Amino acid sequence: MSGLEQLYQQIILDHAKRRVGDGLQEPAPGHASGESHQHNPICGDQIQLRVELDGTRIVRISWDGTGCSISMAAASVLTELAEGVERDELIGLIDQFREVMRSRGSVEADEEVLGDGAAFAGVAKFPARVKCAMLAWVAAETALLAAA
Amino acid sequence: MAAAQNVPQPSAGPGAGQQHAEALDAAEVSRLRADFPILETQVGDQPLVYLDSGATSQNPRCVMEAEQQYYEQFNAAVHRGAHTLAVEATDHFEAARAAVARFIGAGDDEVVWTSNATEALNLLAYAFSNASAGRGGSAAERFRLGPGDEIVVTELEHHANLIPWQELAFRTGAALKYIPVDAAGALRMDLAPEVIGPRTRVVAFTHVSNMLGTITDVAALVALAREVGALTVLDGCQSVPHLPVDVKRLDVDFMAFSGHKMLGPTGIGALYGRRELLNAMPPFLTGGSMITTVTMERAEFLEAPNRFEAGTQRISQAVGLAAAVGYLDEVGMGRVAAWEERLGARMADGLAQLPGIRLLGPDGVARIGTATFDVEGVHPHDVGQFLDARGVAVRVGHHCAQPLHRALGVTASTRASTYLYNTEQDVDAMLNAVADVRGFFGAEA
Ligand SMILES: Cc1ncc(COP(=O)(O)O)c(C=O)c1O
């Protein structure tokens, strides 16, 4: 696989188009929610992301964002992965994703755990793009704190 | 190419390049390329196609050699000490200043070294600020700003020629106004006479837009500023490297530019200022090397340019920059400009043929070799990454011109920018790569 294909795996290109969770949703009555806005001043990518919880379980993530295919695909993958997951479990997933992203390619991504998020392992070899991949995940982390 | 002169020589006269009307030709460009070792670089398995000189240019061997020779033979603190090396270092430092001054048509004492254009513009803004705080006595009256005064910029500006003026306005209570652009990014010259008025004290504007490469009508803005007695500040960052520039002919009061964009090293730039203005202006940075008499209470300052050069200076960089302008002079700036105009037109024509590609910027405005575009359905970051995989280096993002991007209704863009070492093959490699971008990202209809 060329460097470009490692970076832009088909899963990523597909998610960049599907954009699961695109469009902020109002939380249902009785549900807790938290929000975060993240911005990458280098490229202007931004995301407004909302986490909706029923007790400690994540019901839904929704977001409005603009950015490159990596950042939008990362938001989409996260949204899909997070639905129905316990809050602490999502925090663990975010930590794992971050570890892979920061590893410059030395840490393998566990597909069993990270699902489509494992396709981002190739991004870790492109340090300039790691921030793109992390944007939505950092937003989710911050939104969870805000919801607490 | 005899440009490998190591030490600045007082060779070509001011604006020597303008005597050459015709462009460089492909054979000559190919000879010039041999002077730039980095152009041999491979990116992965692709030869480098460097189209990001608008961000920073590459160095010819003679520039690197000049710096190395300085360190091997002359390195010492300048303007201090009486030993032989110190004298030689000072000679080289001042010869470098003279060479750069001549290159832009200025007097030797009208060029102040700075680290880059950003520092040059901040130096000016802080000199105004210090004058406004009462420093500089009656001579500095022209630089005193307060409520009721106006600073004028344009919507084209690089952040470096915007934020220092915003901050100056905040510090002094002066108002900041700007000449807007139209939907295509052309400066609304029709509105300039309304924006520049009796309260205007400073008009700061770019000679060439770093985002679009479009060339500003300097004479028109200078005339309007003169009419109301305002000082003019030209951002020459994108013009001095690519066009014949003569500050006296342009008749501006100040001009800022950066060495690294004109084949020189990083860490060196300059502020041109008319002699009588520089000598009336209070200093920005203070300390050693810029004073005459110092007591525990106060200090007297040297004349310009030294009064603005506090502390140990960037000597090897100045020497390197002098070698760069020697190289440019030898090629001839008029010929550089004509060649780049040709490359720019080839980029614009080629991009116009590609479906889903929109060239940004107004029609019918002269440009340097810069083409900035939007790829429908693909984010500029992805465009840049795709081009990089083909060895093509371009700039993506907001290019430190967020307001101009906003005015054009985009958050980011892709910019290809040329220099004298770029070939028509470079342009074609870029065009071929751009032609494949939308297919790769599935953005084709
Ligand atoms: C028009 C313009 N002004 C100012 C600057 C700032 O130059 P520097 O970063 O070298 O200070 C640049 C460089 O990007 C520029 O293109």
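Protein chains in written order, with the UniProt record's numbering: chain A, 1 to 148; chain B, 1 to 445. Note that the Cβ used here is the ideal one computed from N, Cα and C, for glycine as well. Model, not experiment: these values are computed from the prediction.
For this session: Between the Cα of A184/B and those of G229/B, P198/B, L234/B and L404/B, spot the shortest distance and give me the residue it belongs to.
Result: Counting from one through the second sequence, the residue named residue 184/B turns up at place 184. Among G229/B, P198/B, L234/B and L404/B, the Cα nearest to that of A184/B belongs to L404/B.
For this session: Report yes if the C-beta of H405/B is less than 8 Å from at least one heavy atom of ligand 1; otherwise report no.
Result: Taking the second sequence and counting its residues from 1, one reaches residue 405/B at position 405. H405/B Cβ: outside cutoff for every heavy atom of ligand 1.
Exercise. For a contact meaning CB atoms closer than 9 Å, what does A117/B contact in chain A?
Worked result: In the second sequence, the residue the question calls residue 117/B occupies position 117. Per Cβ cutoff of 9 Å: no residues; A117/B is ~20 Å from chain A at best.
For this session: Could you tell me if the beta carbon of C43/A falls within a distance shorter than 8 Å of some heavy atom in ligand 3?
Result: Ligand 3 is not among the ligands present in this structure, which contains only ligand 1.
For this session: Say yes only if the C-beta of H158/B is nearer than 8 Å to one or more non-hydrogen atoms of ligand 1, and no if none qualify.
Result: As a first step, residue 158/B must be located in the second sequence, where it is residue number 158. Yes, the Cβ of H158/B comes within 8 Å of a heavy atom of ligand 1.
For this session: Select from T286/B, F257/B and M262/B the residue whose C-alpha is nearest the C-alpha of Y272/B.
Result: In the second sequence, the residue the question calls residue 272/B occupies position 272. Checking every option, the nearest Cα to that of Y272/B belongs to F257/B.
Exercise. What are the start and end residues of the alpha helix (DSSP H) that includes F386/B?
Worked result: Walking along the second sequence from the start, residue 386/B turns up at place 386. Counting along the chain, the alpha helix (DSSP H) containing F386/B begins and ends at P380 to A389.
For this session: Counting only the same chain and skipping the five closest in sequence on each side, list residues whose C-beta sits under 6 Å from that of I94/A.
Result: Within the first sequence, the letter at position 94 stands for residue 94/A. Scanning its chain for C-beta atoms nearer than 6 Å, with the 5 sequence neighbours on each side dropped, one finds around I94/A the residues W137 and E141, in chain order.
Exercise. Are any of the Cβ atoms in chain A nearer than 9 Å to that of D382/B?
Worked result: In the second sequence, counting from the first residue as 1, residue 382/B sits at position 382. So, interface residue.
Problem set entry | Whole-angstrom distance between Y327/B and Q6/A, CA atom to CA atom | The residue given as residue 6/A occupies position 6 in the first sequence. The residue given as residue 327/B occupies position 327 in the second sequence. If I take the Cα positions, the gap works out to 42 Å.
For this session: Taking H39/A as part of the alpha helix (DSSP H), name the residues at either end of that continuous run.
Result: In the first sequence, the residue the question calls residue 39/A occupies position 39. Segment A32 to N40 is the beta strand (DSSP E) holding H39/A; no alpha helix (DSSP H) there.
Exercise. Do the segment 188-200 of chain B and the segment 113-125 of chain B make contact, defined as three or more Cβ pairs closer than 8 Å?
Worked result: no
Exercise. In the segment 72-120 of chain B, which residue ranges form an unbroken alpha helix (DSSP H) of at least 4 residues, counting only runs that do not cross its ends?
Worked result: 84-103
Exercise. Name the residues in the segment 383-399 of chain B whose C-beta lies less than 8 Å from a C-beta of chain A; which are they?
Worked result: Q385, F386, A389, V396, G397 and H398
Problem set entry | Proximal residues to A146/A (C-beta, below 7 Å), its chain only, five neighbours per side dropped | For the purposes of this step, residue 146/A is taken as residue 146 along the first sequence, with counting starting at 1. Same-chain partners within the cutoff: G34, E35 and S36.
Exercise. Are the beta-carbon atoms of R199/B and E150/B separated by less than 9 Å?
Worked result: Stepping through the second sequence from its first residue, residue 199/B is reached at position 199. Stepping through the second sequence from its first residue, residue 150/B is reached at position 150. In this structure, R199/B places its C-beta atom within 9 Å of the C-beta atom of E150/B.
Exercise. Would I38/B be called buried (16 or more neighbouring beta carbons within 10 Å of its own) or exposed?
Worked result: Numbered from its first residue, the second sequence carries residue 38/B at position 38. So I38/B counts as exposed.
Problem set entry | Residue-level contact to chain B via CB, S76/A, 9 Å cutoff | Counted from its first residue, the first sequence places residue 76/A at position 76. Not an interface residue.
Exercise. In three-state DSSP terms, what is V29/B?
Worked result: Counted from its first residue, the second sequence places residue 29/B at position 29. The answer is helix: DSSP assigns V29/B an H, G or I state.
Problem set entry | Helix, strand or coil at T206/B [DSSP, three-state] | Translated into positions along the second sequence, residue 206/B becomes position 206. It is a strand residue.
Exercise. What's the C-alpha gap between M189/B and M255/B?
Worked result: Translated into the one-based positions of the second sequence, residue 189/B becomes position 189. Translated into the one-based positions of the second sequence, residue 255/B becomes position 255. So the two alpha carbons sit approximately 21 Å from each other.
Exercise. Do you know whose CA, among L90/A, G30/A and Q38/A, lies nearest I58/A's CA?
Worked result: For this step, residue 58/A is matched to residue 58 along the first sequence. The residue with the shortest Cα to Cα distance from I58/A is L90/A.
Exercise. Nearest-angstrom Cα distance between Q18/B and R335/B?
Worked result: Within the second sequence, the letter at position 18 stands for residue 18/B. Within the second sequence, the letter at position 335 stands for residue 335/B. Low confidence applies here, because Q18/B scores a pLDDT of 42, under 50, leaving its location unreliable and the question unanswered by this model.
Problem set entry | Top-ranked residue by Cα proximity to Q69/B, from R415/B, T293/B, H399/B and I315/B | Taking the second sequence and counting its residues from 1, the one referred to as residue 69/B is at position 69. Comparing Cα positions, the closest option is I315/B.
Problem set entry | Interface residues of chain B facing S62/A [CB-CB closer than 7 Å] | Indexing the first sequence from 1 puts residue 62/A at position 62. Here the premise fails: no neighbours, minimum Cβ distance about 21 Å.
Problem set entry | CA nearest to the CA of T56/B, picked from F441/B, V434/B, Y419/B and L285/B | Within the second sequence, numbered from 1, the residue matching residue 56/B stands at position 56. Of the listed residues, the one whose Cα sits closest to T56/B is Y419/B.
Exercise. When the Cα of P41/A is compared with those of A143/A, A148/A, C132/A and F120/A, which residue comes out closest?
Worked result: If you number the first sequence from 1, residue 41/A lands on position 41. The residue with the shortest Cα to Cα distance from P41/A is C132/A.
For this session: Give, in chain order, every unbroken run of the alpha helix (DSSP H) that is at least 4 residues long and sits entirely within the segment 148-177 of chain B.
Result: 163-172
For this session: Output, in sequence order along the chain, the residues in the segment 37-60 of chain A whose CB is closer than 7 Å to any CB in chain B.
Result: Listed by position along the chain: I42, C43 and G44.
Problem set entry | M255/B - DSSP class collapsed to helix/strand/coil | As a working mapping, residue 255/B is identified with position 255 in the second sequence. M255/B: strand per DSSP, three-state reduction.
For this session: May I ask whether a heavy atom of ligand 1 can be found less than 8 Å away from the beta carbon of A55/B?
Result: The sequence position of residue 55/B within the second sequence is 55, counting from 1. Flag set: Cβ of A55/B near ligand 1.
Problem set entry | Interface partners of G67/A on chain B, CB under 8 Å | As a first step, residue 67/A must be located in the first sequence, where it is residue number 67. By Cβ distance, chain B contributes H379 and H381.
Exercise. Any beta-carbon of chain A closer than 9 Å to the one on Q166/B?
Worked result: Position 166 of the second sequence, counting from 1, holds the residue named residue 166/B. For Q166/B, the answer is no, since every Cβ of chain A falls outside 9 Å of its Cβ.
Exercise. Is the segment 217-224 of chain B touching the segment 160-168 of chain B, taking contact as three or more C-beta pairs under 8 Å?
Worked result: no
Exercise. Taking the C-alpha atoms as reference points, what is the distance between E309/B and E341/B?
Worked result: Here residue 309/B refers to the residue found at position 309 of the second sequence. Here residue 341/B refers to the residue found at position 341 of the second sequence. Rounded to the nearest angstrom, the two C-alpha atoms are 36 Å apart.
Exercise. Does any residue of chain B bring its CB to less than 9 Å from the CB of A16/A?
Worked result: The residue given as residue 16/A occupies position 16 in the first sequence. So yes, A16/A belongs to the interface.
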